[in-house]
Every structure is written in structure tokens, then in C-alpha cells.
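Data block below; observations after.
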Amino acid sequence: MSDYSVVGKKLPRVDAVEKVTGAAQYGADVHPAGMLYGKIVRSKHAHAKILSIDTSEAEKLPGVRAIITQDDVPSGRRVFATDKVLYLGEPLAAVAATDADVAEEAAELIKIEYEVLPVVQDVMESIKPSAPRLHGDETKDGPHRRNISAEIKELSSDQEEDNSDEIRKLQAELEKYSDEVYYNISAETHNEAGDVEKGFAECDIVVEDTYVIPRVHQTYMEPHVSVASADSSGKITVWASTQGPFAIRSGIAGTLGIPLTQINVIGTTMGGGFGGRFGVIITHVPAVLLSQKSGRPVRVQMTREEEFLDGRPAPGCVIKLKTGATKDGHILARQALAFWDSGSVSGASIGSTIRVRGVYKIPNIKIDAYGVHTNKSGTAAYRAPGAPQAIFAGESQLDDIAAQIGMDPVKFRLMNMREEGDSVPAGGSEPKVGYKETLEAVADAAGWWDREADDNQGWGVAVGDWTNGCGPGGVYVSVHEDGSARIFHGSMDITGTDTAITQIIAEILTVPYENVTIRRGDTDSAPYSTGSGGSVVTFTMGNTAKLAAEDARRRILELAAERLNTNEDNLELKDGAVHIVTADPPKSILLGELAAYSLSTTGGPIVGKGSFARQPSTPALAAQIAKVEVDPDTGRTRVLKLVASQDVGFAINPMAVEGQIEGGTVQGYAWAMMEEMQYGDNGNVNPGFVDYRVPTSADLPTVESVIVEVPAPNGPYGAKGVGEPPITPTLATMANAVKDAVGIRVTELPIKPEKVVDALKNNGHGA
Amino acid sequence: MAKHPVSLKVNGDEHDLLIEPRKTLLAVLRDTIGLTGTKEGCSTGDCGACTVIVDGKAVTSCMVLGVTASEKEITTIEGLASDGELHPIQQAFIDTGGYQCGFCTPGFIMASKALVDENPDRSEEEFRFALGGNICRCTGYTKILEAVLQAAEEIRTNS
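Heads up: the protein sequence lines correspond to chains A and B, in order.
My numbering applies: residue 67 is where the first sequence begins, and numbers increase by one.
My numbering applies: residue 28 is where the second sequence begins, and numbers increase by one.
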């Protein structure tokens, strides 16, 4: 075990008391004097032309103070739809009134005339020529057409020889792939390594399947909210429930054409984010516009229904995946063609399709991925964006290959896993990683090697990888006359990160943990900080905090040398005091005394500063095993055991780390088994918790978490980002367990009971 | 809209108020009285974030009209700690890491309190089902159950 006294310990979190007493202030708890209540007016159709918007009746309602439409956006940047709506619930106008109910009444009085247009909700329909066009007629080529077109281009540019015969042949070939002319494409990405054709030819076993993963909502418990106040000088203050106050500041500035320094964003305690809380125009911009127009502070708060209609959920997708292996278990080739449902705008995490490569040595790989427009709201990040979808396909198919070869699924994975120095398919060289350790840890903890199963019971395993992000951050730390230390920074606490920062600074300054306090500043006062997403905070702000504490430590030793009249080399900072190592009898000065001394002389306050930009991150693995029992009559799957291991590098606070593992795993379970945003002819049909079921405590047993620590060279104390990895393997873990239990391979999530019953009736087909 | 006089007893304090009949108890607690510890997560009674205790029973305050709560004893999260001492359930949530973002926590703590007051002698399985009306999106429930069991144990021992 480590020699650390504060980091690595299960300490209570710094926000403990405010969170359990109701004192923590979330966005909707902010209530400046004179505040108005805002309400957004939303489209009643999934695709329609807007013929007119009539606000006259709403204006007459007593209590209404402001009504805005796109005409009130001076920059002209799209905040509200004008000519056409592309999804049910798209904002068209907003109202501010003296009371929330009055605002809602006013919103209903705004008359909108529509001309309804045909709707497309399914990506595979949307790419066809028969689909309505959401943004125009431009098309993109599918994989074969891309290859052939590239060949034609190369031959055409050949000045030396006449290739016209060959070109004509290729053009005829192109015609054969007319169904590869894709419409409504928002984005595309392509990766390739080795030669997949050659790779597949060398395989003994090739498995091919299509995986369908639904759109799901992050379902943070606090709906989007912001309170904006524009004063008469033009200065704007926004209390924002967001993962990134600085991103919101620049987003508002850019959208409305306001100078950055005119905007102060105060991040309020965040009621969950999971990647979905970076949006600027969802509530923040309308609140600012309403405040500017009314001259009063305005709160815009979404209902849960609005969250489902106009939040930015995780994209669903269709992944056609093909994998080949030799009969002795070596994976030689993998190819994916993916269509991601990006909704009305681009932005789906299509780049994550490459994650079908998993953590395996696959010499030949080819990925073609497309973002596709549909009549749905846009999408955003959700905990390891794109990875759960891609890894579901990859890890499901891996099990099918293991079964065909007759190898144990854990052994098959261990055999193919990359180690330090192996080449990552289409991605450089692998650093030191803990893939095998993490999988072995979960197998041991779950009792995989001597597992038993009764009838209709089964075991499933899967692994998922993710690498934390990194970004700029700044931290100040001050040491006070009473020996306490205060941290000041600008990053949002994402359930435990403030605690990790505090533990790091307490460790270095040797100040008792309870005497170190942390305060988050607003964007006017705090140093810039990257947003709290992408598992960046502990890695980035942890490193920043270390730098700040080391800076303060340097100053402390400098002052102590002066005060104790000795050389810095003779000094040691320990237990909140600086000691002369060689002194006999012992001689020391307390940090508080030193801070007071410095204030009363020429030293000034003791302040340490940390400023950090970036360092390479190291991949982390999450490995999970589930034991389930499927009732063949009702199709219901019950989880009997769910064990999750994760390589976290170093657990700065093991209790918080376990919490991340448990929570992420359950979100993955929910995506596998129950969650699905459903769409009918006129948009989302399950915008509430009755029809969009998220798990409760009654749905699951205890999640057993296993912490594995393979240190990251650049992480603070070796820590890696821990928030995102645990959701990545669970979708496949559950599908693999159901397959093992009743022999049904579910390729279309969620694994609803009726799907299982139908498949059992059809002898395992059609799931 | 015409307002009605109501007398609410919240955390031992009497509040004589004039409220519109359409206002929920949640809206009255948060917007009129200013007790914002009780959270609004769905407004449809499905998530439990707004749970308060009314006459000893846990209720979702978004499903109760303020006018119907007149003369009843209401306890919110703000009324749980006494004399600066956290309630054992609050302390257990801290000790076990039974909260993360904290938004569902007041509702969970109030729902747990009503259950433990009624009968602290429940099994884990029974608590799991009894707390099925509260949604937490961060913890995966493992540490919440640990907290509730720890608190129930302590309350059993001390009673």
C-alpha cells in the first residue's frame, strides 16, 4: 500500500453536509429579487413549415412581461425556428411572466400555423432517396462507391496512359452500388488499417451481424435550468446548471454577439450531467434574451417532458459488423459500417465507431461511419460518447466467435488483448495498460472459473475501454494564519472531483483534510477551466492542484528558511509544520505561524498557483461479468450478480471511485435492458418516467466493484479518469449473459421481455 | 386566479399563506416559503425527488395541492437535522457515499426516514422495493442501500 496519508483514502466528500441537508444550491434554487418565469414555446409537429407565429393574444395576458421569437435575436444566429421545424418540441418562441403558471398559459396562447411535412425517424429510411430531405439534396457515397470513385479519380489523373476502358468498367461497377448513394448525411468518418479483404480471406470463421442501439437520454435528475439577469449597463449574469461555465460564457458570447467580459457565468451545483449539460441555447440563451427584453432576471427551467423532447440525448445507431478469426482463436479482421442517428443537426459521436476495435490485436480493420439526419432533437455526449454503442456490437460478436471456436469467452479475450508496445489498430502504439489485469480481476471476483448455472441462468462477460480527456485548468491555493488552506478554482464538481482536488492539496501541504476548503469561482473571478466532461477533471484539475500545492510548498520552505535562519535543504514540511531536519532538540514552525509571519513582514500572503494545459492520457479498461436468470414464460431477465472491475490508475478516493463504477454500470444495464426513446409519426412518444423507464433500486442487486490500479504515467498519483469507462461494456455484458442463459442473441436493444419471448418462440431467431 | 388562505406547519413553523389552488405543495414550499431543499425532478410523481413527509407518510409533493395540505404536519429535508446534529440517515448517506450529484438525495432521505420510522426492521430486499419510487441516476443504488441499512441498524439499536 501507499505511504500517502490523505490521497487513496475513503474520506467523506467536501460537499457532504450541504448535499444531505438540502442546502446545496442548484439552478432552480436561485431566485433573484423580481425574477420572472420563462417558458419556451415548442413545435407541435416533427417536421413542418411555419406559416405564421401570432403572439398578440399572449401579450394581452396580465403578468406577461416579454415574448421573444427569432426576430429578437440581433445576431441572427438560430435560437428559434422560423421557416421550418425539424422535430417535435423545437423552440419557436419564449415567454417571461410574473408566475410560472402564467408563463405556461401565455405559451399556449401563442398561435402557430403549420404546414405539416413528411417525417423520417429511422436512419436506414433517411438515407434512401425516398426520404424527405431535412437539409437539402446533397448525397454521400457508401464504402464501395467511395473505393471505386477513388480508383476512377486516380486513373483519370494519370497523364501517361489512356485508362478509359478501365474507367468505363469502374463506372459500370459504380452503378451496381446505387443503393450506396446516401441522403440526409450530417457527417462521415473513415478509418482503415491493414487489408480487411485479405484478412477475412485468411480467417476460418467469419461472423456478420447488424446491431441496433436505441437513442437514450442521460436522464440527469435535475432538468436544464438557467437564471439570467441583464442589467442596464449591458452586463449579463447567468446562473447556469452546466458542466462547463467557461464554455457557456463563450457560447452565449458567440451566439448573441456580446463581448466575453460582459458575461459572468455562475455554475450552480449540478444535478447530474453525464455529458448532456453543455448546451448553450437549450435554456441559457433564451433566458438571457428574455432578461434583456424584460429588464428583469428570468429563470428558464425545463420540465421532464421538455427534457425528453428537446434535451440532447445519446444517439442511437445501426452498426453492421463483420469479424473474422482463425480456428485457434486469433482475430484477423474486423469491418464496420455504421449509421448514427444525429437528429436534426450534426454532432453524433460517429468517430467512436472505431471503438469496435476494442482492446484487441486486430491487424486488419476498416470502419465507415455516417451521421444521419432524422426528425429528432440533436444529440450530445453521454458518458463515453459513442463507446457503449460500438462496444456493444464488438463485444457481442466476440462472444459469438468464441462460441464457434469453442473457447472460453474470457480466455479468448485475454488471448487477443493488446499489451504495452502492441500496435493499436488505426491508432499508434499501446502504452502501459492494465487490460489483462482488469479482466482477470473481474473473472476472479465473480467466480467465473468455477461458475455454475441452473436452467435458464447464464453468465456474460464484456470489456470496454476509454481514455480520459484533458484540458486547461488553473488552481490557486492560499495558506492562512490559522494553518488552514483554501483552494480556489473554476471547474464544476462532477460528483467527487472537488474532493479529489482537496485530498491532493491536503496531501502535499500536510494540512489536515478537514482544514482544507475549496471554493469554486464564477467566470469573472476564477481562472479558466476546461469543462467537466470526458473524465477530464481528476486528471486535469488533479495535476493542476498538484502544481498549485507544490508552488505553495516552495514558498513555504523559502519563508521557513528565512524565519528559521537555515538552508532550505535542511527543511521538511510535515504534519502542518516546517521542521529543521538536523535540529537537536527539534525545531519547527507551524504553517499558521509562518503565514502570519509572512503577512507581517515583507513576504505577503502565501499563495500557490497551478496552471496546466495537457499531458497524454492512458487508456483505462472496464470489465464486467453478470449472472442472470431469464424467465422463459415472461421473458423477464433478472440480474443475480453484477461485478464490475476497472483500471483507475490510482484511486484518490476509493469511495468516490466505487460510486462511479457502480453508477456507470447501472446506466449501462439500463441501456441494455430497459431504456429507449421511442418515436412515432410525430416524434417522441415516451417523454416521461412512466413510459421511459429508468432503473430503480428494485430492479437490481448490489453492484460489486473491483478497483484495479495500473498507474497512468501522467496522472496525478497515477490516476486515470474514472467516470466514463464503467458504462462501456455493460450493454454487451447483459446481452452475452442472456445468450448464455437461453441461447438468444439479442442484436437490437433494449432486451425487452417481449423480444425474448418472441425469440424463444422462434427458436432464437428475430431478436 | 383567486387565492385561498392556508395554514401550513412546516418543520415546526406555522405559515399562514394565501395561495392559488393550482399551486402544488412543492411549488408552495419552494417558491412561497423558500425551502428549496425539496427538488423538482419530473412534476409527475414518478421520480421521488420532491418527497416530503406529511403526517408521518412520505408523499411526492408535486402531486399534492398546497391547499389540501393545510393544517397538516410537514417535514422537509431542512427540518431533519436538529440542534446542529445530522439525523442518522443524513450521516449514513455521508459515511457510505450514498449520494453523488445530490439532487435526488433530499427525496431519498425523506423517503428512507418515513420507512425507517415506520419499521426499521426491514431486509435489504424490502428496502430495495420500498424505495422503488425514488430515482437516482448517479449511484446505481448500491451505496444508497448501504446508507439506509446502516441508518436503520443505528435507529434499531438506539430505540
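Beta carbons are placed, not taken as given, at the ideal position from N, Cα and C, and that holds for glycine.
Keep in mind it's a predicted model, so treat the numbers as computed, not measured.
Leaving out five residues on either side along the sequence, give the residues of the same chain with a beta carbon under 7 Å from the beta carbon of C536(A).
Residue mapping note: residue 536(A) aligns to position 470 of the first sequence, counting from 1. Hits under 7 Å: V602, F605, T606, R680, Q681 and S683.
Going by Cα to Cα distance, which pick from K805(A), V476(A) and V151(A) is closest to D521(A)?
On the first sequence, residue 521(A) is found 455 positions in, with the first residue counted as 1. Among K805(A), V476(A) and V151(A), the Cα nearest to that of D521(A) is on K805(A).
What number of angstroms, rounded off, separates the C-alpha of I119(A) from the C-alpha of H111(A)?
Against the first sequence, residue 119(A) aligns to sequence position 53. Against the first sequence, residue 111(A) aligns to sequence position 45. So the alpha carbons of these two residues sit roughly 14 Å apart.
Could you tell me the boundaries of the beta strand (DSSP E) in which G437(A) lies?
In the first sequence, counting from the first residue as 1, residue 437(A) sits at position 371. Counting along the chain, the unbroken beta strand (DSSP E) around G437(A) starts and ends at N430 to H439.
Cβ shell of E84(A) (< 6 Å), same chain only, five flanking positions each side left out
The sequence position of residue 84(A) within the first sequence is 18, counting from 1. Taken in chain order, the residues that qualify are A90.
How many Å lie between R164(B) and P652(A) at the Cα?
Locating residue 164(B) in the second sequence gives position 137, counting from the first residue. Locating residue 652(A) in the first sequence gives position 586, counting from the first residue. Whole-angstrom Cα-Cα distance: 53 Å.
Just list the beta strand (DSSP E) runs in the segment 575–608 of chain A, keeping only unbroken ones of 3 residues or longer that don't cross its boundaries, in chain order.
Runs found: 582–586.
Supposed close pair Y758(A), F374(A) - CB separation, criterion 8 Å:
By 1-based counting over the first sequence, the position of residue 758(A) is 692. By 1-based counting over the first sequence, the position of residue 374(A) is 308. Yes, Y758(A) and F374(A) are in contact; Cβ-Cβ is about 7 Å, under 8 Å.
Rounded straight-line distance, which links the Cα of G74(A) to that of M67(A)
In the first sequence, residue 67(A) corresponds to position 1, counting from 1. In the first sequence, residue 74(A) corresponds to position 8, counting from 1. No answer about M67(A) holds up, because its pLDDT of 49 lies below 50 and its placement is not dependable.
Within 10 angstroms of the Cβ of M28(B), are there 16 or more other Cβ atoms? Answer buried if so, exposed if not.
Counted from its first residue, the second sequence places residue 28(B) at position 1. Exposed, by the Cβ-count rule.
Tell me the DSSP secondary structure of E820(A) in three-state form.
In the first sequence, residue 820(A) corresponds to position 754, counting from 1. In the structure shown, E820(A) sits in a helix (DSSP, three-state: H, G or I).
Hey, how far is the Cα of L52(B) from the Cα of E371(A)?
By one-based count along the second sequence, residue 52(B) stands at place 25. By one-based count along the first sequence, residue 371(A) stands at place 305. Distance between the alpha carbons of L52(B) and E371(A) is about 20 Å.
Give me, in chain order, the residues of the same chain whose beta-carbon lies closer than 7 Å to that of V732(A); leave out the 5 immediate sequence neighbours on both sides.
One-based indexing of the first sequence puts residue 732(A) at position 666. Answer for V732(A): P761, L766 and V769, listed in chain order.
Residues that F120(B) bridges to, as DSSP identifies them
Indexing the second sequence from 1 puts residue 120(B) at position 93. DSSP output for F120(B) lists no bridge partner at all.
Taking the CB atoms as reference points, tell me whether K194(A) and Y243(A) lie closer together than 8 Å.
In the first sequence, counting from the first residue as 1, residue 194(A) sits at position 128. In the first sequence, counting from the first residue as 1, residue 243(A) sits at position 177. No, these two residues do not count as a Cβ contact at 8 Å.
Tell me the DSSP bridge mates of R910(A)?
Only positions 67 to 833 of chain A appear in the structure, and residue 910(A) is not among them; the question remains open.
Contact belief for I279(A) with Q455(A) at Cβ below 8 Å, rounded distance in angstroms
Position 213 of the first sequence, counting from 1, holds the residue named residue 279(A). Position 389 of the first sequence, counting from 1, holds the residue named residue 455(A). The pair is a contact, with the Cβ atoms about 4 Å apart (cut-off 8 Å).
Counting along the chain, where does the alpha helix (DSSP H) carrying A643(A) start and finish?
In the first sequence, the residue the question calls residue 643(A) occupies position 577. Counting along the chain, A643(A) falls outside any alpha helix (DSSP H), though it belongs to the beta strand (DSSP E) covering A643 to I646.
Beta bridge counterpart(s) of I251(A) as assigned by DSSP
For the purposes of this step, residue 251(A) is taken as the residue at position 185 of the first sequence. Paired residue(s): V438(A).
Proximal residues to D510(A) (C-beta, below 8 Å), its chain only, five neighbours per side dropped
On the first sequence, position 444 is the one that residue 510(A) refers to. The answer is none, since no qualifying residue turns up.
What's the C-alpha gap between L113(B) and L107(B)?
Reading the second sequence from its first residue, position 86 is the one you call residue 113(B). Reading the second sequence from its first residue, position 80 is the one you call residue 107(B). Distance from the CA of L113(B) to the CA of L107(B), rounded to the nearest whole angstrom, comes to 7 Å.
Is the Cβ of P78(A) closer than 8 Å to any Cβ of chain B?
For the purposes of this step, residue 78(A) is identified with residue 12 of the first sequence, where counting begins at 1. At least one C-beta of chain B is nearer than 8 Å to the C-beta of P78(A).
Under three-state DSSP, which class holds M67(A)?
Start at 1 with the first residue of the first sequence, and residue 67(A) comes out as number 1. Annotation note: pLDDT 49 at M67(A) (below 50); position unreliable, coordinate value reported separately. M67(A) falls in the coil class under three-state DSSP.
Is the beta carbon of K264(A) closer than 8 Å to that of N482(A)?
In the first sequence, the residue the question calls residue 482(A) occupies position 416. In the first sequence, the residue the question calls residue 264(A) occupies position 198. Taking 8 Å as the Cβ cut-off, N482(A) and K264(A) do not qualify as a contacting pair.
Along the chain, which unbroken stretches of the beta strand (DSSP E) at least 3 residues long are found entirely within the segment 665–720 of chain A?
Counting whole runs of 3 or more residues, the segment 665–720 of chain A contains the beta strand (DSSP E) stretches 672–678, 686–696 and 703–713.
Going along chain A, which residues have a C-beta under 9 Å from R149(B)?
Within the second sequence, residue 149(B) is the residue found at index 122, counting from 1. Per Cβ cutoff of 9 Å: no residues; R149(B) is ~12 Å from chain A at best.
For the segment 73–93 of chain B, list every residue whose C-beta sits within 7 Å of some C-beta in chain A, in sequence order.
Hits within the stretch, in order: D73, C74 and A76.
Under a Cβ-count criterion, where at least 16 other Cβ atoms within 10 Å of its own Cβ denotes burial, should V189(A) be classed as buried or exposed?
Reading the first sequence from its first residue, position 123 is the one you call residue 189(A). V189(A) is buried by the Cβ-count criterion.
Just the C-alpha distance for S295(A) and G526(A), rounded to the nearest angstrom, thanks.
For the purposes of this step, residue 295(A) is taken as the residue at position 229 of the first sequence. For the purposes of this step, residue 526(A) is taken as the residue at position 460 of the first sequence. S295(A) and G526(A) have their C-alpha atoms some 53 Å from each other.
How big is the Cα-Cα spacing for D82(B) and L158(B)?
As a working mapping, residue 82(B) is identified with position 55 in the second sequence. As a working mapping, residue 158(B) is identified with position 131 in the second sequence. Taking the Cα positions, D82(B) is about 19 Å away from L158(B).
Cβ of C77(B) within 8 Å of Cβ of G129(B)?
Your numbering for residue 77(B) matches position 50 in the second sequence. Your numbering for residue 129(B) matches position 102 in the second sequence. The beta carbons of C77(B) and G129(B) sit no closer together than 8 Å.
Between the CA atoms of V79(B) and G111(B) - distance to the nearest angstrom:
Locating residue 111(B) in the second sequence gives position 84, where the first residue counts as 1. Locating residue 79(B) in the second sequence gives position 52, where the first residue counts as 1. Spanning the two alpha carbons is a distance of roughly 20 Å.
State yes or no: is the beta carbon of L172(B) nearer than 8 Å to at least one beta carbon in chain A?
Position 145 of the second sequence holds residue 172(B). The C-beta of L172(B) comes closer than 8 Å to at least one C-beta of chain A.
Own chain residues within Cβ distance below 6 Å of L142(B), not counting five before or after:
What you label residue 142(B) is simply residue 115 of the second sequence in a count that begins at 1. Excluding sequence neighbours, L142(B) sits near A157.
Of all the options N752(A), A551(A), A519(A) and A738(A), which has the alpha carbon lying nearest to the alpha carbon of C796(A)?
Position 730 of the first sequence, counted from the first residue, corresponds to residue 796(A). Reading the sequence as shown, one finds Thr at residue 796(A) and not Cys. Considering only alpha carbons, the answer is A738(A).
Could you name the residues of chain B that Y436(A) contacts, counting a contact when the two beta carbons are closer than 8 Å?
One-based indexing of the first sequence puts residue 436(A) at position 370. None at all; the shortest Cβ gap to chain B is about 30 Å.
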